[in-house]
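Notes follow the structure.
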Amino acid sequence: ERGRRASRGSQAGRRRVRAGFCFTLDAKHLSRRMSVVIPSSASEADAALASGSCVANFCATWCEPCTHMNAVFAELASEGSNAALRFVQIDCDAFPELCERHGLESVPAFLFLHGGAVTDTLTGASAPDLALKVRQNALTASIHTDAVGAPPAAVPIEERCRQLTSRAPVVLFMKGSPAAPRCGFSRKICELLTEQKVSFDSFDILADEEVRQGLKQFSNWPTYPQLYADGKLLGGLDIVRELAEEDELLDSIPAAAKAA
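Numbering (our numbering), first residue to last: 485 to 744.
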């Protein structure tokens with residue numbers, strides 16, 4: 485059954501695209517569990533296509549051949565042998581800029597990507613051709629994954645905090661950076677350490693919410709900035725200022741952090 489030529493809706497300025505050939509599926513295919521990513525925003529769509537190996541199904545709700553191919557796509561996504569691929573379904577009416585970026589003029593269309601780069605394409609509504617392409621690209625993706633290894637497991641936050649607090653003899657966890665502090669307390673402690681000629685590394689807790697919250701639990705200290713020496717908490721601004729006023733700050737930090 486040949487699909488009809490149709491516009492992508494009534495909104496002005498939308499181009500016309502050609503519908504391909506349709507493929508009929510029975511009810512059991514339509515009832516299979518779907519494992520397809522369907523982005524709801526442009527940023528989600530870009531992120532879904534940017535990393536790893538994936539196949540993108542560019543479709544339109546008004547195109548009958550797309551309806552049939554969407555079911556084929558979902559069926560392929562549910563097969564364990566294709567697990568090395570991420571399956572992403574893109575509504576061309578919702579993301580016209582993305583379609584134009586890839587030069588798509590007809591639907592259904594399928595792009596195979598690795599790391600955001602297109603490696604293979606297929607247009608039209610041939611289910612056998614799509615199945616073949618998917619299996620070929622899934623095999624390639626699985627070989628690549630085996631070669632480079634699986635992504636490293638996430639480091640527990642407690643271990644991250646331990647590593648960060650020990651990455652230099654003296655580490656300051658602050659808002660912003662010494663060159664551009666983003667709160668008065670952070671600015672004052674940087675000035676104090678500079679006056680005391682203390683060499684220190686810094687970490688911007690505003691750039692990592694997990695560390696920002698996790699470090700509070702790690703050291704049982706609820707506020708920032710926090711100053712660490714040899715991986716141990718010295719304190720915040722008030723304590724560091726008090727140590728400096730009593731000439732005890734330099735005695736509290738390792739020799740490697742003291743100016744010659």
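Quick reminder that beta carbons are idealized off the backbone N, C-alpha and C, glycines included.
Helix, strand or coil for residue i? Go by DSSP, reduced to three states.
| i | result |
| --- | --- |
| T545 | coil |
| P662 | coil |
| V682 | strand |
| L588 | coil |
| L676 | helix |
| F579 | coil |
| V632 | Here the model assigns V632 a pLDDT of 48, short of 50, so the residue's position is not dependable, and the following value carries that caveat. The answer is helix: DSSP assigns V632 an H, G or I state. |
| T508 | Because T508 carries a pLDDT of 37, less than 50, the predicted location of this residue cannot be relied on, and no value is offered for it. |
Rounded to a whole number of angstroms, what is the C-alpha to C-alpha distance between residue i and residue j?
| i | j | result |
| --- | --- | --- |
| R666 | L648 | 20 Å |
| A561 | F702 | 42 Å |
| S650 | E643 | 11 Å |
| S736 | E581 | 58 Å |
| C547 | T707 | 56 Å |
| P640 | Y712 | 20 Å |
| I723 | P523 | 49 Å |
| P636 | E729 | Only weak support is given to the placement of P636: the predicted model assigns it a pLDDT of 47, under 50, and the question is left unresolved by the model. |
| E694 | K700 | 10 Å |
| R671 | A526 | 38 Å |
| A544 | Q710 | 53 Å |
| A540 | R570 | 8 Å |
| E559 | T603 | 22 Å |
| L718 | V618 | 57 Å |
Who does residue i pair with in a DSSP beta bridge?
| i | result |
| --- | --- |
| L597 | C538, V602 |
| F669 | Looking at the DSSP assignment, F669 forms no beta bridge with any residue, so it has no partner. |
| P712 | Reading the sequence as shown, one finds Tyr at residue 712 and not Pro. Answer by DSSP bridge pairing, in chain order: V655, L717. |
| V572 | V521, A540 |
| K700 | K700 pairs with nothing; no bridge assigned. |
| T607 | A593 |
| D692 | Answer is none; D692 lacks a bridge partner. |
| F557 | Its beta-bridge partners do not exist; DSSP assigns none. |
| K742 | V682 |
Which residue's Cα is closest to the Cα of residue i: the options?
| i | options | result |
| --- | --- | --- |
| G668 | L721, D735, A713 | L721 |
| I833 | A652, S537, V572, M658 | No answer is possible for residue 833: it lies beyond the span of the chain, which begins at 485 and ends at 744. |
| G608 | D692, L616, G600, F594 | F594 |
| H552 | G698, A611, P640 | A611 |
| A567 | A625, F687, R725 | A625 |
| E584 | S525, A622, F542, L597 | F542 |
| C538 | D530, L734, T545 | D530 |
| A615 | I627, V602, F596 | F596 |
| V654 | C550, L734, L569, S525 | L734 |
| E528 | A622, D575, K716 | D575 |
| G660 | Q620, T605, S565, A691 | A691 |
| V682 | K742, S565, N621, G564 | K742 |
| C550 | E563, D577, P662, G564 | D577 |
Tell me, to the nearest whole angstrom, how far the beta carbon of residue i is from that of residue j; I am working on the premise that it is less than 8 Å.
| i | j | result |
| --- | --- | --- |
| V520 | F579 | So it is not a contact: roughly 15 Å between Cβ atoms. |
| A532 | V572 | 5 Å |
| A652 | D685 | 4 Å |
| R725 | L676 | 6 Å |
| A534 | G600 | 4 Å |
For residue i, would you say it is in contact with chain D, using Cβ-to-Cβ distances shorter than 8 Å as the test?
| i | result |
| --- | --- |
| S519 | Structure shown: chain D not included; a single protein chain is present. |
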